[in-house]
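Using our numbering, the first residue of the sequence shown is number 246, and each one after it goes up by one.
Using N, Cα and C, we set each Cβ at its ideal position, and we do this for glycine too.
Values in this document were obtained by computation on a predicted structure and should not be read as measured data.
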Amino acid sequence: MYIVEAKKIIVVVIGAFLNAIAMNFFLIPANVYASGFTGAAQLLSKLLGSFAPFNISTGILLFVLNVPVTIIAWRKIGKSFTFYSFISVLLSTIFLEVLPVKHVSPDILLNAVFGGVIAAVGVGLTLKFGASTGGMDIIAMLLSKVKDKPVGVYFFMLNSIIIITAGSIYGWQNALYTLVTLYASTRVIDAIHTRHEKLTVMIVTNKGEELKKAIHAKLVRGITSVPAKGAFTNQNKEMMMIVITRYELYDLEQIIREEDPTAFTNIVETAAVFGAFRKD
246 MYIVEAKKII VVVIGAFLNA IAMNFFLIPA NVYASGFTGA AQLLSKLLGS FAPFNISTGI
306 LLFVLNVPVT IIAWRKIGKS FTFYSFISVL LSTIFLEVLP VKHVSPDILL NAVFGGVIAA
366 VGVGLTLKFG ASTGGMDIIA MLLSKVKDKP VGVYFFMLNS IIIITAGSIY GWQNALYTLV
426 TLYASTRVID AIHTRHEKLT VMIVTNKGEE LKKAIHAKLV RGITSVPAKG AFTNQNKEMM
486 MIVITRYELY DLEQIIREED PTAFTNIVET AAVFGAFRKD
């Protein structure tokens with residue numbers, strides 16, 4: 246248990262550091278905007294520097310933007326997920342403040358691509374180990390508990406506001422390179438983890454009862470069991486089907502590894518869910 250938690254902390258630190266590298270060495274120097282709350286903090290920092298008599302760094306604004314959603318998440322989502330997400334945001338703020346902002350390349354396209362890829366590696370690893378980088382991920386988690394609707398539209402709306410505002414004030418070329426960053430980020434996160442909000446997990450096991458007890462102890466999700474039989478071995482088994490959110494994937498994977506490491510598990514994207522699906 247302690248080893249798992251230690252791994253999660255290490256991954257959160259690495260993810261936050263990679264996010265700061267992407268921002269301070271690639272995106273901020275090139276005036277290319279990140280996605281979500283990080284991009285919003287980046288744009289707000291630039292707007293304050295241009296039109297206000299004072300300036301607030303991207304790191305500090307990122308922390309401030311995440312405080313209210315973290316408080317809500319602590320009450321509505323769960324303490325473990327929220328704790329690691331807050332640690333990720335806090336570390337990102339610290340690294341953004343400590344690392345210098347410097348030009349690595351004068352090529353804006355290289356900055357957009359490498360910034361997007363490096364940040365996405367950090368986000369993907371953090372999600373893969375059962376935490377998040379805060380911001381829109383926490384909002385997505387909250388929305389998934391309120392309504393069964395794709396949260397991609399909310400990501401799109403926030404990113405559209407960032408691009409349109411930046412383009413209108415500072416010029417469209419750099420703002421549109423944000424689209425390159427978004428595309429690169431999405432592809433990398435898809436490869437490392439998944440951007441699908443809901444997943445269907447099918448587990449073929451001969452330890453059905455043990456798995457059911459362990460899953461119900463950790464996750465409040467319904468399980469459908471179907472009798473199964475190995476075509477080659479003719480061994481009687483049980484196929485369990487469960488629909489989860491992407492934020493529960495890490496916990497479910499850990500349960501399966503502990504209870505039945507030999508279980509065959511198939512994870513597929515779920516386009517929609519009708520019927521009884523827990524949202525609160």
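Assigned secondary structure, residue i (DSSP; H/G/I helix, E/B strand, else coil)
i	result
Lys347	coil
Asn481	strand
Leu427	helix
Ser290	helix
Phe232	Outside the displayed range of the chain (246 to 525) lies residue 232, so it cannot be described from this structure.
Lys253	helix
Val334	helix
Thr378	coil
Leu464	coil
Val518	coil
Lys443	strand
Val449	strand
Tyr278	coil
Ile305	helix
Phe241	The displayed coordinates of the chain run from 246 to 525. Any statement about residue 241 would go beyond what the structure contains.
Ile322	coil
Glu352	According to the sequence as given, residue 352 is Asp; it is not Glu. Three-state result, Asp352: coil.
Ala476	coil
Gly416	coil
CA-to-CA distance, residue j to residue i, given in whole angstroms
i	j	result
Phe299	Leu292	10 angstroms
Thr303	Glu455	48 angstroms
Ala357	Val277	6 angstroms
Gln287	Lys458	45 angstroms
Ala516	Lys443	7 angstroms
Ser337	Phe331	10 angstroms
Asn264	Pro472	46 angstroms
Asp525	Glu493	Low confidence applies here, because Asp525 scores a pLDDT of 48, under 50, leaving its location unreliable; read the following figure in that light. One C-alpha to the other measures close to 14 angstroms.
Gly453	Glu514	23 angstroms
His348	Ile273	9 angstroms
Arg466	Ile489	7 angstroms
Gly412	Gln418	7 angstroms
Thr478	His461	30 angstroms
Thr510	Val249	21 angstroms
Ile339	Ile322	25 angstroms
Val449	Val518	22 angstroms
Val256	Phe296	38 angstroms
Val446	Ile407	35 angstroms
Phe308	Val314	11 angstroms
Glu503	Leu497	10 angstroms
Ala364	Tyr495	20 angstroms
Ala285	Ala279	8 angstroms
Residue i burial status per 10 Å Cβ neighbour count (16 or more: buried)
i	result
Thr469	exposed
Gly242	Given a span of 246 to 525 for the chain in the structure shown, any question on residue 242 remains unanswerable.
Ser430	buried
Ser333	buried
Tyr422	buried
Arg491	buried
Ala420	buried
Leu354	exposed
Met485	buried
Met268	buried
Ile500	buried
Lys482	buried
Met402	exposed
Ala251	exposed
Val343	exposed
Ala436	exposed
Per DSSP, the bridge partner or partners of residue i
i	result
Ile500	Looking at the DSSP assignment, Ile500 forms no beta bridge with any residue, so it has no partner.
Ser470	Met485
Thr490	Lys443
8 angstroms Cβ cutoff, residue i in contact with chain B
i	result
Gly361	Protein chain content of the structure displayed is limited to a single chain, and chain B is not contained in it.
Counting Cβ pairs closer than 8 angstroms, one from the segment 322-333 and one from the segment 371-382, do we hit at least three? As far as the Cβ criterion goes, the segment 322-333 touches the segment 371-382, which means the pair count is three or higher.
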